[in-house]
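Engineer: Can you read through this structure? Questions will come right after.
In my numbering, the protein residues as written are 485 to 1703.
Structure below.
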């Protein structure tokens, strides 16, 4: 065991319980007093050897403690493993102490080191050794085994660590995937670092002395190689890491020797030139001898490197455990980077290349990181031609890796390859990599942005791409033009915010050069941009302004807004000030120039929302504000496009903040503009109402009314226009449409929008209204709801969809009014849809969202196909919006949750289009009410089953292979998957599904003796998909509930009863009764909990033997077997022991480990009790010994869940301690 940090108690207990052979004297090892030699067959002999080793260890460790005195104080010695794991001493001093111990007695010190590696593997067992020289070759090969001893329950690993053969003994449960290297937490992370540091320092401190004694390294390498071949994961992982770190340390020694050898050779050449003739020189002979010594050491080091590489790496780089493979690839990459002269060869590089195809992301990541270290050095790239040509295509494809970190590192590697390898990436490769700037994963997009910037936009060192003119904006202008060309050529103009965010970390300098950008836009000479380039540049300006002002990625890239540091906030404020100061003066000029262009104006009008508005008053720039307001007013009067109007309305809303000094100036301009808009609308409406009924409006009149209504609707969205009495004017238009039905869609849609906004503004001011006003408002709300319900059946699809969206939002707002201000007002306005309205809303969704439209097959051109695809995409977007609006009503309890059952029916069928919306609704409803959500799911399945049953022939039964039944079963499986892995969290929900399903399955199960086939019995096949989500105790409860609907033994051989058998099997999976419930005669006799409970009471009272023979004969075979087992509790203790031995053979499969130990313990207690004392203590026997058996048998038979079993064991323990 590895001691926990700062726990002396753990250390002391470890020294008393663990077996360490580093304290065994050399003579003891050689004499074989602590040797497991394979000739010990019986458990008694093996136990004797363990006791001898334990005594030797204790005696030697005690003498060791007493002998260590410093200044009269006894210092308790700890093992090498404890010193390294706790890390309280400098690693160099630890290694120095070990080296001194090695020089005094190398066998004892080496055994200490061997034990260190064994303990680092988490092994709690015993290490013994025997001398290799005392054995023949055949005996040596026979001992290289790894076996399991069934008698002692121990695992044995024998391998060579020259000059010994080591035997490691450990409990079987050691291979439980819990050892130091994979444990979490800062302590174990530090342990791994200390472990690696110890190996590196050990080699470093030994390189001038004992490293070349042909003893130390041979033993260590053979030890690690032997452990690396073990079947135990802990041994393989620990020894592989140690071996690879040892290889890295040896490589460093090899490099130092190579340098020393080279220096010695140079000195030798210098001295040789000084010597004339044939005279000898002592200095020359000394240098020559030192050179030979270095050469000999290099040969030895090379042999060590080869031994580690061939013995460990070649076997473990393809290990089944990904952590071991990753360790091998990481270290071989480090060796290649550290010592390229020896390792930068295709014979080593190929392993890294092969691991690029590994299934585990961790291994692929280590391969990429290793290659980054190589490709980052330009002098090494020239030697990578063969590897690059072989694996380039794989690396280019890896930015598409499903693991984000692997994709990011692959992009960084490609960046290094692009910089240091000439023409290694083709134009097609670069085009593919450029597209990653639009990915939603920001780290990958930023890495792709670096690639794009340095490959396409920067060209800092290339004179060919340097601008020849352009003044102070020459460099920025050239980069901007290249960026615009890239943006337009890729035809992804809607993703400009993603592009700018990807480039922001690398090209922030020229992306913040707004003066250069606006100068390009305002130019009128020959250098002016084309219309497409101007539109792209304006979009880039807006994206850069937003990025600088907000300081976080765009929507969809990043889970949440970024928390800015103090430095970043300072930069953000400086950028906002820079934006405001520049665009306050330039924006009016840009609006004036592009006032007729809808797209450009809509983008430019979004810039003021990022202003620091205090700059207007502090810098006395009110004249520029007047210019801006004039231009915005002119744009509103010119345009009727909704995007431009909404942008203008939002600009007024931003500027009309009451907290700033310019409010009065902007408010006056806004009031003046709205007066003009309302005047235009009143003029058009007066002309409309003056005409007789049945009139026909010409196109000009329709266009003027449409434009006037759209302008007012756009401003009414952000500004309160109640004082202009807009509601009466627009509602009159809607009533006219209800009566005559002659208004065009262009007038109905904005009229609906204006009426809706008018009521919302009145509702927002509800706390300030009097009761009379509230009653009037309630009356208007009801009236508007009736208008919307009427328009749900309008002949125009656009009107129906618009009314549905308004109605859903309207119901949601009215049903969730805030009651903090005026509870009376909220009570008056509270409104929930009636059953009729709910049915209409559901019918609308079924007809407009889920009903498939028939497509006519036409021969379309490529342009027409593109337009058709665009129309389909827009139509899908509308359907998703409609479905999301209705799902919100269900989630917020505006509509009854049972309505969701109709939506769930389409979950599998429409998964690609609407699966995410339906799944989110399911998650939200389950969060609000688990039980009701579960009932909704089962209701959906019940309705589908009834539909399926009605479509089938009643005489032929249910066809399990039909497509409808298969789809229903798949839907149930999808529902089951939504519960996840946490069975406790949704325990009640799953149980409710089974309860409702069982009740539905046995509806109508009446007939002669109750044995007729229920009509819905096949529904059990559907709910069996939820059985794996039940906890084991809940399976027993559901199984008991199922028995209430089953009469006494039923014939189960017919195909009609097969669903019941399947469902029963799903509940009894992994249970002991699974094979005993069905008797040999084919009849099913269910096990009732009442019988089991009475059976338990009889056992505890000692009255089991009084059970009548007739009752025992009537029991099912499984209960009969159980009765035989339990009846043994009333017999003699010696006979009881034989039954216990029989049960103990099956304990590992039927009982948890804790119960196994207790049962074994009780067995020992009952061994020596005589039959004479049994009669005197019958009751006490049941309480003390038999009670454990009864509790355990209850667990076996499923009569009690594991929680109750544990509680009963604790109660028995208390009674036993009192006795």
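Even for Gly, the Cβ is constructed at its ideal location relative to N, Cα and C.
Can you tell me whether residue 1025 is buried or exposed? The criterion is at least 16 other CB atoms within 10 Å of its CB, across all chains shown.
Structural biologist: buried
Engineer: Taking the straight line between their C-alpha atoms, what separation do you get for residue 726 and residue 882?
Structural biologist: 31 angstroms
Engineer: According to DSSP, is residue 1257 helix, strand or coil?
Structural biologist: helix
Engineer: Should residue 596 go down as buried or exposed, given a rule of 16 or more other Cβ atoms within 10 Å for buried?
Structural biologist: buried
Engineer: Buried or exposed: residue 670, going by 16 or more other Cβ atoms within 10 Å of its Cβ?
Structural biologist: Burial call: exposed.
Engineer: Measuring straight from C-alpha to C-alpha, what distance separates residue 733 and residue 697?
Structural biologist: 17 angstroms
Engineer: In chain order, what residues of the same chain lie with their CB nearer than 7 angstroms to the CB of residue 847, ignoring the 5 residues before and after it?
Structural biologist: 806, 809, 810, 813 and 839
Engineer: Taking contact to mean at least 3 C-beta pairs separated by less than 8 angstroms, is the segment 978 to 991 in contact with the segment 924 to 939?
Structural biologist: yes
Engineer: Spatial neighbours of residue 1231 within its chain, please: C-beta separation below 8 angstroms, excluding the five flanking residues on both sides.
Structural biologist: Within the same chain, residue 1231 has close Cβ partners 1186, 1189, 1190, 1193 and 1217.
Engineer: Between the Cα of residue 1415 and the Cα atoms of 1474, 1435 and 731, which residue gives the shortest distance?
Structural biologist: 1474
Engineer: Pull up the distance between the alpha-carbon of residue 1481 and that of residue 1325, whole angstroms please.
Structural biologist: 28 angstroms
Engineer: How is residue 1514 classed by DSSP in three states: helix, strand or coil?
Structural biologist: coil
Engineer: Within a Cβ cutoff of 6 angstroms, which residues of the same chain sit near residue 963, ignoring the five residues on either side of it in sequence?
Structural biologist: 941 and 994
Engineer: If you compare alpha carbons, which of 1279, 1297 and 1084 is closest to residue 1246?
Structural biologist: 1297
Engineer: Following the continuous alpha helix (DSSP H) through residue 1108, name the residue where it begins and the one where it ends.
Structural biologist: 1106 to 1122
Engineer: State the CB to CB distance for the pair residue 1382 and residue 1409, rounded to an integer number of angstroms; the pair is presumed to be in contact (CB under 8 angstroms).
Structural biologist: With a Cβ gap of about 11 angstroms, residue 1382 and residue 1409 do not count as contacting.
Engineer: Return the Cβ separation of residue 1086 and residue 1027 in integer angstroms, given the expectation that the two are a contact with Cβ distance under 8 angstroms.
Structural biologist: That belief does not hold up - the Cβ atoms of residue 1086 and residue 1027 are roughly 14 angstroms apart, past 8 angstroms.
Engineer: Return helix, strand or coil for residue 481, following the three-state DSSP convention.
Structural biologist: Limits of the chain in this structure are 485 at one end and 1703 at the other, which puts residue 481 out of reach.
Engineer: Take residue 1711 as the anchor and find which of 837, 893, 851 and 884 has the nearest alpha-carbon.
Structural biologist: The requested residue 1711 is not part of the displayed model; the chain covers only 485 to 1703.
Engineer: Measure the Cβ-Cβ separation of residue 823 and residue 739 and say whether it is below 7 angstroms.
Structural biologist: yes
Engineer: For the candidate residues 922, 735, 1202 and 1244, whose alpha-carbon lies nearest to that of residue 1037?
Structural biologist: 922
Engineer: Would you decide whether residue 878 is buried or exposed? Buried here means 16 or more other CB atoms lie within 10 Å of its CB.
Structural biologist: exposed
Engineer: Residue 1655: buried (16+ other C-beta within 10 angstroms of its C-beta) or exposed?
Structural biologist: Because the pLDDT of residue 1655 is 38, which lies under 50, any placement of that residue in the model is unreliable, and the number read from its coordinates should be weighed accordingly. By the 10 Å Cβ count, residue 1655 comes out exposed.
Engineer: Where residue 1135 and residue 1093 are concerned, what is the direct C-alpha to C-alpha distance, given to the nearest angstrom?
Structural biologist: 7 angstroms
Engineer: Of the choices 1528, 1118, 1530 and 1524, whose alpha-carbon is the least far from that of residue 1552?
Structural biologist: 1524
Engineer: For residue 524, which of helix, strand or coil comes out of DSSP?
Structural biologist: Residue confidence is low: residue 524 scores 38 on pLDDT, short of 50, so the model does not pin down where it sits. No coordinate-derived value is stated.
Engineer: Hey, residue 1457 and residue 1509: beta-carbon distance below 7 angstroms or not?
Structural biologist: Contact flag set, yes.
Engineer: May I ask you to report which of helix, strand or coil DSSP gives residue 843?
Structural biologist: The three-state reading of DSSP puts residue 843 in coil, since its state is none of H, G, I, E or B.
Engineer: Leaving out the 5 sequence neighbours to the left and right, which residues in its chain are closer than 6 angstroms to residue 1032 when beta-carbon positions are compared?
Structural biologist: 1059
Engineer: Would you check if the distance between the CB atom of residue 1465 and the CB atom of residue 1505 is smaller than 7 angstroms?
Structural biologist: No, the pair does not count as a contact, with Cβ atoms beyond the cut-off.
Engineer: Give me the Cβ distance between residue 1401 and residue 1391, rounded to the nearest whole Å; I'm assuming they're in contact under 8 angstroms.
Structural biologist: Residue 1401 to residue 1391, Cβ: 10 angstroms. No contact.
Engineer: According to DSSP, simplified to helix, strand and coil, what is residue 1153?
Structural biologist: Judged by DSSP in its simplified three-state form, residue 1153 adopts helix.
Engineer: Output the boundary residues of the alpha helix (DSSP H) element that contains residue 1142.
Structural biologist: Run containing residue 1142: none; DSSP gives neither H nor E here.
Engineer: Pick helix, strand or coil for residue 817, following the three-state DSSP scheme.
Structural biologist: helix
Engineer: What are the boundary residues of the alpha helix (DSSP H) that includes residue 752?
Structural biologist: 717 to 758
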